[in-house]
Each structure stands twice: as structure tokens, then as C-alpha cells.
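Okay, structure first, notes after.
Numbering (this note's numbering), first residue to last: 50 to 218.
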């Protein structure tokens with residue numbers, strides 16, 4: 050009988066701790082205005098409508114971290130690159146001493162919490178800067194860049210065919 054009472058108290062205590070933790074987390078989300086994963090839109094540098102800005106810098110940072118993670122998860126090519134990178138890091142961890150995994154973990158955390166939010170804020174700033182550009186404007190810009198690249202390749206090919214080695218001898 051005593052065991053059942055202790056078991057009942059343990060179940061109630063676990064439920065109370067869970068309820069307080071989830072409630073505290075939801076309260077923290079509401080008080081700080083932090084975004085939820087399902088509400089995050091990955092900002093596109095070509096589309097101003099995807100830009101979301103917060104007045105609170107903490108909420109903006111959390112939003113940028115989540116957007117970076119969500120952008121990697123939604124883009125399958127980036128997810129494959131991330132997976133191969135983690136596999137490579139795991140192989141290095143298996144071959145290295147204790148210092149290498151620690152260094153790699155610090156670099157990975159730096160990328161996750163420092164570089165990724167900066168990339169999201171850069172995409173947001175670019176979208177704000179070019180908010181008046183239409184899809185046709187972007188198409189013309191990309192077409193012009195491709196033509197410029199083609200002209201550079203043609204010039205390099207012509208210089209190679211002419212036999213000019215360069216300007217230094």
C-alpha cells in the first residue's frame with residue numbers, strides 16, 4: 050500500500066513538473082514575444098513579403114536562428130551538404146584526440162548561433178533594400194550577369210587562343 054502511495058505521489062510530481070515547465074516555456078514565449086517554429090518564414094532576398102522584423106533584438110535573434118535551421122531543413126540540397134559535413138566531422142572525431150572534437154563542436158556552435166543569424170539578417174536587409182524590384186527586374190539582372198560572364202569567358206578563350214602568356218616574363 051505504501052508503494053502505491055509513493056508511486057501516486059511520484060506520478061503527480063512528474064506531471065506537476067512537466068506542467069510547470071511547459072507552462073513556464075509558453076509564458077516565456079509570450080512575454081518575450083519569441084517566435085514559434087511553425088510561424089517562422091525563411092526570408093528570401095528576392096521577396097520583400099518574406100521579411101519579418103521584431104522590435105525586440107532577442108526575439109529577432111531567435112527568429113533568425115530558427116529561420117536558418119528551417120531553411121536548411123526545407124532545402125534538400127543544403128540538408129544533404131549538412132549531413133555529409135556532420136558525417137565528415139564524425140569521422141574526424143573518431144580519428145582524433147579529445148581536443149579535435151571540442152574544437153569542432155565550438156566551430157559548429159559558432160556557425161549555428163553566430164553565422165546563420167547574420168546570413169538571415171543579411172537576406173532581410175537585401176530584401177528591404179530591393180523591395181521595389183519585381184520578378185522581371187530580377188530576371189533582367191540575372192540575364193545581364195550571365196551575359197557578362199559569357200563575355201568574360203569568350204575574352205579569356207580568345208586570349209588563350211592568341212598565344213599571349215600574360216604580362217609577366
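By construction, the Cβ of each residue, glycine as well, lies at the ideal position given by its N, Cα and C atoms.
Reduced DSSP secondary structure (H/G/I, E/B, other) of residue 96: Within the chain shown, residue 96 is the residue found at index 47, counting from 1. In the structure shown, residue 96 sits in a strand (DSSP, three-state: E or B).
Pairwise C-alpha distance: residue 95 and residue 185: Against the chain shown, residue 185 aligns to sequence position 136. Against the chain shown, residue 95 aligns to sequence position 46. Each residue's alpha carbon lies about 11 Å from the other.
Which two residues bound the contiguous alpha helix (DSSP H) that contains residue 167? For this step, residue 167 is matched to residue 118 along the chain shown. Going by DSSP, residue 167 is part of the alpha helix (DSSP H) stretching over 165-178.
Judging by CA-CA distance, which residue of 113, 93, 202 and 211 is the nearest neighbour of residue 160? Taking the chain shown and counting its residues from 1, the one referred to as residue 160 is at position 111. Ranking 113, 93, 202 and 211 by Cα distance to residue 160 puts 113 first.
What is the DSSP secondary structure of residue 213, counted as helix, strand or coil? Taking the chain shown and counting its residues from 1, one reaches residue 213 at position 164. Looking at residue 213 - three-state DSSP - the assignment turns out to be coil, as it is neither helix nor strand.
Can you tell which of 82, 118 and 97 has its C-alpha closest to the C-alpha of residue 109? Locating residue 109 in the chain shown gives position 60, where the first residue counts as 1. The alpha carbon of residue 109 has as its nearest neighbour, out of 82, 118 and 97, the alpha carbon of 82.
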